[in-house]
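Asker: Below is a structure I'd like to ask you about.
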Amino acid sequence: MQFIRTRAVGRTTMLALALAVAAIAATTVTAAPVRKSDVGGEHIHARAGMSVKIKVRKDAMKGCNLFLTTKNFRWAPEHASGKHVRGEGHAHLFIDGKKVTRLYGPAYYLGELAEGSHTVTVSLNANNHASYVHGDNEVSATKTVVVPAATSTQMK
Ligand SMILES: [Cu+2]
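Here my numbering is used: the first residue of the sequence shown is 124, the next is one more, and so on.
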């Protein structure tokens with residue numbers, strides 16, 4: 124995510140600032156659930172009410188932070204790659220459809236994403252890495268993060 128550095132505050136700068144703030148604010152949750160047929164592999168029927176929600180917030184210094192809120196789910200990094208225990212597990216993080224890492228808890232430093240629009244998806248997974256599902260849908264959440272174009276004015 125780009126930071127705004129300006130040496131002269133004029134009308135153009137203020138407009139750019141307003142646009143940048145608007146762009147950051149324009150993050151939206153996409154409702155379309157991930158279908159297990161899109162994922163393939165193992166799946167495990169989740170207990171009723173298991174869910175995950177995503178928040179992406181600009182870090183005060185650099186990049187962004189990811190925060191997850193889960194329900195009816197217990198983070199169990201100590202059991203990762205072990206046998207399935209009902210309601211336990213970890214998460215998988217995907218950025219623009221590509222798996223980035225496992226998540227072992229509710230917060231993660233995403234770092235700086237390139238300028239443009241990105242999809243951030245988190246799925247809840249059992250200890251054995253199988254996706255938790257409700258019916259045909261993965262227990263997952265997706266957020267679109269828009270990183271505005273650089274608005275810095277360089278002195279020449
Ligand atoms: Cu896994």
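Just so you know, even glycine gets a beta-carbon here, dropped at the ideal spot from N, CA and C.
What's the C-alpha gap between HIS252 and LEU191?
Answerer: Whole-angstrom Cα-Cα distance: 18 Å.
Asker: Would you please state the rounded distance, in angstroms, between the beta carbons of ARG197 and ARG170? I believe it to be under 8 Å.
Answerer: In fact, because the Cβ distance is near 10 Å, the residues do not count as touching under 8 Å.
Asker: Quick check: what's the CA-CA separation for GLU165 versus HIS207?
Answerer: So the alpha carbons of these two residues sit roughly 12 Å apart.
Asker: CB of HIS257 to nearest heavy atom of ligand 1: below 7 Å?
Answerer: No, since every heavy atom of ligand 1 falls outside the 7 Å radius drawn around the Cβ of HIS257.
Asker: According to DSSP, is GLU238 helix, strand or coil?
Answerer: Note: GLU238 maps to coil in three-state DSSP.
Asker: Starting from the N-terminal end, write out each residue whose C-beta falls within a distance shorter than 6 Å of any non-hydrogen atom of ligand 3.
Answerer: Judged by which ligands are present, ligand 3 is missing from the structure shown, whose ligands are ligand 1.
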